[in-house]
Amino acid sequence: MKVLAIGGSGGMGRAAVRAALSYDFVSEIVVAGVDSKLAERFVSALKDTRVRSIYLDVTHKASLHQAIREVDVVLNSAGPFFRFGVPILTAAIDEGKHYCDICDDWQPTVEMLKLSAKAQRNKVTAVIGLGASPGIANLLCVKAATALDNVDTIVSAWKLSGAVNEDDGFSQAAAKGQVDAAAVHLMHCLSENICTLQEGKLVNATALEHSQIDFPNLGALDVWSLGHPEAVTLIRRFPELKHCYNGMLGIHDTVDQLRQVAKAVTEGQISVDDAARILTDRDGRKTRQNHLAKTVRNDIPGLLAYAKGYKNGQATSAGAFIKNLPTGGMATITGIPQALFLPMLHHGQLQRIGVFAPEEIIDPDVFFARLGTFCEGDGVGLTVLTSS
15 MKVLAIGGSG
25 GMGRAAVRAA
35 LSYDFVSEIV
45 VAGVDSKLAE
55 RFVSALKDTR
65 VRSIYLDVTH
75 KASLHQAIRE
85 VDVVLNSAGP
95 FFRFGVPILT
105 AAIDEGKHYC
115 DICDDWQPTV
125 EMLKLSAKAQ
135 RNKVTAVIGL
145 GASPGIANLL
155 CVKAATALDN
165 VDTIVSAWKL
175 SGAVNEDDGF
185 SQAAAKGQVD
195 AAAVHLMHCL
205 SENICTLQEG
215 KLVNATALEH
225 SQIDFPNLGA
235 LDVWSLGHPE
245 AVTLIRRFPE
255 LKHCYNGMLG
265 IHDTVDQLRQ
275 VAKAVTEGQI
285 SVDDAARILT
295 DRDGRKTRQN
305 HLAKTVRNDI
315 PGLLAYAKGY
325 KNGQATSAGA
335 FIKNLPTGGM
345 ATITGIPQAL
355 FLPMLHHGQL
365 QRIGVFAPEE
375 IIDPDVFFAR
385 LGTFCEGDGV
395 GLTVLTSS
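Residue numbers (the working numbering): 15 to 402.
The structure is reproduced here in structure tokens:
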């Protein structure tokens, strides 16, 4: 299997490439991106003859198609996905190549799912949003929801304090004029209308709306809404759903600042990129993350899923989370799930063709068993709880 890792020298891409190299059936990985020096340094450090790097500007259509044409599978880690998701998936489908990404924006998710018929004609299997959230979160939602007989509400949530990377030796500050893609994504989510499921209908809403969920054994948890794709995809897996959204945990003391910066973007006072620079200012970011880590409850998992509905005719809620995660922070928690697309595809565990969200095509138990091989301890420690 030959793999093109677009954005493969970025933090999440590096985690995906390292994980992919653990599989003997992978014969070649091409690390592609615009930062040639970083890619070359990363590839050299891997000391594996199966890996090489190329310069690739994904906005140059002919070069993108040529790079895709020479491989079997595309792993796309190049964000922000509201800019690059649709064109890269379109190119992969046009070339008849299987595809997986870590898209965490709801707008391109909707557009990419519309490409499913074209992917079917070209015999392509594509999974979009196979990272942490979306990705792990979606499959936790499946575990929580299927613990009930009927489900009407699903919420996925994650700690903002955990959205940091450990230095793997290749982390570097953005060059002059560049900005962190993850921060751009966050500010895009906060400053644009988001899509949530309310009363069985997908509606536009404002980010950072506050709610509470009564999580089994943990009690009331505060959640602030965010525009991740779970709300627009989980209804495809659970058409009976009435309410669904994604949100952040543990931001009591920073939500006002986030709202202020988002408002400045919405009103045209600053750009999304400038807002991202404010959030990623080295001193300010470090202070915020340290504060968040101190204020959020330690007993709350970094990523969880909540479902509410009925069990045996009684109103019941269920929660799901995993106790163990790969070490390395947000990069590995996002990049390794993406790499798991490869063995699931190779071993025939993804039997359908088309474009899918993770919960539509992936068996959660298969996924978590594979993820567990990258975790310290005894697997992922998948936990599903129901209210009494």
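Beta carbons are placed, not taken as given, at the ideal position from N, Cα and C, and that holds for glycine. Computed from a predicted structure; not experimentally measured.
Here Gly143 is buried, its C-beta having at least 16 other C-beta atoms within 10 Å.
If the five residues before and after Phe229 are omitted, its C-beta is found closer than 6 Å to the C-beta atoms of Leu235, Tyr320, Gly333, all from its own chain and listed in chain order. With a 10 Å radius around the Cβ and a threshold of 16 neighbouring Cβ atoms, Asp119 comes out buried.
Residues Gly393, Val394 of the same chain have their beta carbon placed closer than 6 Å to that of Gly386, with the five preceding and five following residues left out of the count. In the DSSP assignment, Asn260 is bridged to Ser170, Leu240. Cα atoms of Thr139 and Ser225: separation of roughly 36 Å, rounded to the nearest angstrom. Residues of the same chain with a CB within less than 6 Å of the CB of Pro378, apart from the 5 flanking positions on each side, are Leu153, Val156, Lys157 in chain order. Secondary structure of Asp71 (DSSP, three-state): coil.
Nearest in C-alpha terms to Ala345, of all of Lys16, Met15, Ala30, is Ala30. In this structure, the alpha-carbon of Val40 lies about 11 Å from that of Val85. With at least 16 other beta carbons inside 10 angstroms of its own, His202 counts as buried. For the options Gly343, Met126, His112, the alpha carbon positioned closest to that of Pro101 is the one of Met126.
Burial of Ala245 is indicated by the presence of at least 16 other C-beta atoms within 10 angstroms of its C-beta. Look at Asp194 here: in three-state DSSP terms it is coil, with no helix or strand label.
Look at Lys137 here: in three-state DSSP terms it is coil, with no helix or strand label. Judged by DSSP secondary structure, Leu35 falls outside any beta strand (DSSP E); it is assigned neither H nor E. The segment 346-358 makes no contact with the segment 265-281: fewer than 3 CB pairs, one atom from each, lie closer than 8 Å. The secondary-structure analysis by DSSP pairs Cys209 across a beta bridge with Asn218.
Under the Cβ criterion (8 Å, minimum of three pairs), the segment 42-50 counts as touching the segment 16-24. Fewer than three beta-carbon pairs drawn from the segment 323-341 and the segment 355-363 are found closer than 8 Å, and the two stretches are therefore not classed as touching. Phe184 sits in coil when the DSSP states are folded into three classes, being neither helix nor strand. Here the alpha carbon of Val141 sits roughly 21 Å from the alpha carbon of Ala171.
In this structure Glu213 is exposed. Its beta-carbon is surrounded by fewer than 16 other beta-carbon atoms within 10 angstroms. Bounds of any alpha helix (DSSP H) do not take in Asn90; it lies within the beta strand (DSSP E) bounded by 87-90.
If only uninterrupted alpha helix (DSSP H) runs of at least 4 residues are considered, those enclosed by the segment 90-162 are 95-108, 120-127, 130-135, 150-159.
Contact between Lys256 and Asp166 is confirmed by a C-beta separation of about 4 Å, below the 8 Å threshold. The alpha-carbon separation between Pro315 and Gln80 amounts to approximately 43 Å. In the DSSP assignment, Leu318 forms a beta bridge with Ala171, Phe335. One thing to note: Val87 has its Cβ within 8 Å of the Cβ of Met15.
Excluding its 5 nearest sequence neighbours in each direction, Ala278 has C-beta neighbours in its own chain below 6 Å: Ile284, listed in chain order. For Val369, the three-state secondary structure derived from DSSP is strand. Between Ala276 and Ser205, the C-beta gap is smaller than 8 Å, which places the two residues in contact. By the neighbour-count criterion, in which 16 or more other beta carbons inside 10 Å mark a residue as buried, Val217 falls on the exposed side.
The three-state reading of DSSP puts Ile20 in strand, counting E and B together. Excluding sequence positions up to five before and after Ala34, its CB lies within less than 8 Å of the CB of Val17, Ala19, Val40, Ile43, Leu89, Ala353, Leu356, all in the same chain and listed in chain order.
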